[in-house]
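Note sheet for the following structure.
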Amino acid sequence: GYRSRAAFKLLEMDDKHHLLKPGGVVVDLGAAPGGWSQVAVARVKADVGEGEASGGKDGKEGPRGRVIAADLNEIEPVPGAAFMQLDVTDAEAGETIRAALGSARVDVVLSDMAASSTGHRQTDHLRVIALAEAALDIAEDVLKPGGAYLAKVLQGGASGDLLNRLRKNFAKVAHVKPKASRQDSSEVYVLAKGYRGEAPTKAF
Ligand code: SAM
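Just so we're aligned, residue 441 is where the sequence shown starts under this note's numbering, counting upward by one.
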């Protein structure tokens, strides 16, 4: 079973938008308690045992993916996912995640991050946008050209600044609302596909 109802939102969005492919590398931000990570591990086949991946006897040629999950809070380990406890808004968060990836670059950055509600709509919106922006900072550090970014935003969608940044850096940007999130009426996701690649001035 899945650890969160949120897992069904990712399943639904992925069924429609095909983000998680066998062999894919995924970063899951705001991963606790681990439902999205469970979905990502299964779909990219990050839990295939050594030698079981189709193709290579050592598993290297097979479609074995990777999932790196991060959250402020600890989670019970998700088999197949590497977990890091960190604050995504910390300046070093991108560096920490990149170090864990080694030379690998990422196909999809997922963010289901949300701060606990203040009950004040505008404050909540600003906070979720700040988290989506922090996720985009990280995405720009780790994504492969052609990669994708999927992040939770609230009703009203992404802010103008976030949208402009996404439109500049990705080929396609759209809002998506999974049916599984109809109970959270204020919840919408922004999906950006076709990452154009790092800015030439940005040193690795
Ligand atoms: N997708 C998850 C799942 O399926 O299990 C549910 C994620 S839950 C809605 C949002 C998570 O975002 C919380 O676990 C929270 O700790 C995390 N979060 C909020 N702010 C964060 C930050 N600054 N850095 C890392 N994680 C953060």
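Glycine is no exception: its CB is placed at the ideal position from the N, C-alpha and C atoms.
Would you say THR529 reaches chain B, if we count a Cβ-Cβ gap shorter than 8 Å as a contact? Protein chain content of the structure displayed is limited to a single chain, and chain B is not contained in it.
With a cut-off of 8 Å on the beta carbons, I'd call LEU583 and VAL613 a contact; round off their distance for me. Here the question's residue 583 lines up with position 143 in the sequence shown. Here the question's residue 613 lines up with position 173 in the sequence shown. That belief does not hold up - the Cβ atoms of LEU583 and VAL613 are roughly 14 Å apart, past 8 Å.
Just the C-alpha distance for GLY499 and LEU631, rounded to the nearest angstrom, thanks. On the sequence shown, residue 499 is found 59 positions in, with the first residue counted as 1. On the sequence shown, residue 631 is found 191 positions in, with the first residue counted as 1. Its pLDDT being 47, under 50, GLY499 is placed unreliably by the model, and the measurement read from it follows with that caveat. Distance between the alpha carbons of GLY499 and LEU631: 31 Å.
Pull up the distance between the alpha-carbon of ARG605 and that of LEU576, whole angstroms please. Numbered from 1 along the sequence shown, position 165 holds the residue referred to as residue 605. Numbered from 1 along the sequence shown, position 136 holds the residue referred to as residue 576. Whole-angstrom Cα-Cα distance: 9 Å.
Put GLU535 into one of helix, strand or coil per three-state DSSP. Position 95 of the sequence shown, counted from the start, is the residue given in the question as residue 535. Three-state result, GLU535: helix.
Please report the straight-line C-alpha distance between SER444 and ILE569, rounded to a whole angstrom. Looking up residue 444 in the sequence shown gives position 4. Looking up residue 569 in the sequence shown gives position 129. The alpha-carbon atoms of SER444 and ILE569 are separated by roughly 22 Å.
Are there any heavy atoms of the ligand SAM lying less than 7 Å away from the beta-carbon of ALA472, as far as the coordinates show? Within the sequence shown, residue 472 is the residue found at index 32, counting from 1. It does: the Cβ of ALA472 is within 7 Å (strictly closer) of some heavy atom of the ligand SAM.
Spatial neighbours of ALA544 within its chain, please: CB distance less than 8 Å, with the 5 preceding and 5 following residues excluded, ordered by chain position. Stepping through the sequence shown from its first residue, residue 544 is reached at position 104. Take ALA544, set aside five residues on each side of it, and the residues of its chain with a beta-carbon closer than 8 Å to its own are VAL465, ARG506, in chain order.
Indicate, with yes or no, if the ligand SAM has a heavy atom lying under 7 Å from the CB of SER444. Residue 444 sits at position 4 when you count from the first residue of the sequence shown. Yes - the ligand SAM has a heavy atom lying nearer than 7 Å to the Cβ of SER444.
Inspect the beta-carbon positions of ALA588 and LYS617 and report whether they are closer than 8 Å. What you label residue 588 is simply residue 148 of the sequence shown in a count that begins at 1. What you label residue 617 is simply residue 177 of the sequence shown in a count that begins at 1. Not in contact: ALA588 and LYS617 (Cβ atoms no closer than 8 Å).
Any heavy atom of the ligand SAM within a distance shorter than 7 Å of the CB on VAL528? By one-based count along the sequence shown, residue 528 stands at place 88. Yes; taking the cut-off as 7 Å, the Cβ of VAL528 has a heavy atom of the ligand SAM nearer than that.
So, is SER556 buried or exposed, given that buried needs 16 or more other C-beta atoms within 10 angstroms? Sequence index remark: in the sequence shown, residue 556 carries index 116 (1-based). Exposed, since its Cβ has fewer than 16 Cβ neighbours within 10 Å.
Tell me, please, which residues DSSP counts as bridged to GLN562. The count along the sequence shown starts at 1 and reaches residue 562 at position 122. None, per the DSSP bridge assignment.
Smallest Cα separation from GLY463: which of ASP454, ALA486, LEU469? Indexing the sequence shown from 1 puts residue 463 at position 23. Nearest of ASP454, ALA486, LEU469 to GLY463, Cα basis: ALA486.
Please list, in chain order, all residues of the same chain as ALA574 whose beta carbon is under 7 Å from its beta carbon, the five residues on each side excluded. Taking the first residue of the sequence shown as position 1, residue 574 is located at position 134. Excluding sequence neighbours, ALA574 sits near VAL528, THR529.
Simplified DSSP state of GLU627, which is helix, strand or coil: Residue numbering aside, residue 627 sits at position 187 when the sequence shown is read from its first letter. Of the three classes helix, strand and coil, the one that applies to GLU627 here is strand, per DSSP.
Does the Cβ of ASN513 lie closer than 7 Å to at least one heavy atom of the ligand SAM? As a working note, residue 513 is residue 73 in the sequence shown. Within the chosen limit of 7 Å, the ligand SAM reaches the beta carbon of ASN513 through at least one heavy atom.
Looking at the secondary structure, which residues open and close the alpha helix (DSSP H) in which HIS458 lies? On the sequence shown, residue 458 is found 18 positions in, with the first residue counted as 1. Run containing HIS458: none; DSSP gives neither H nor E here.
Could you tell me if the beta carbon of LEU469 falls within a distance shorter than 7 Å of some heavy atom in the ligand SAM? In the sequence shown, residue 469 corresponds to position 29, counting from 1. With a cut-off of 7 Å, the C-beta of LEU469 is classified as near the ligand SAM, since at least one heavy atom of the ligand falls inside that distance.
By the DSSP assignment, the alpha helix (DSSP H) with ALA480 in it spans what residues? Residue 480 sits at position 40 when you count from the first residue of the sequence shown. Segment 475-484, the alpha helix (DSSP H) holding ALA480.
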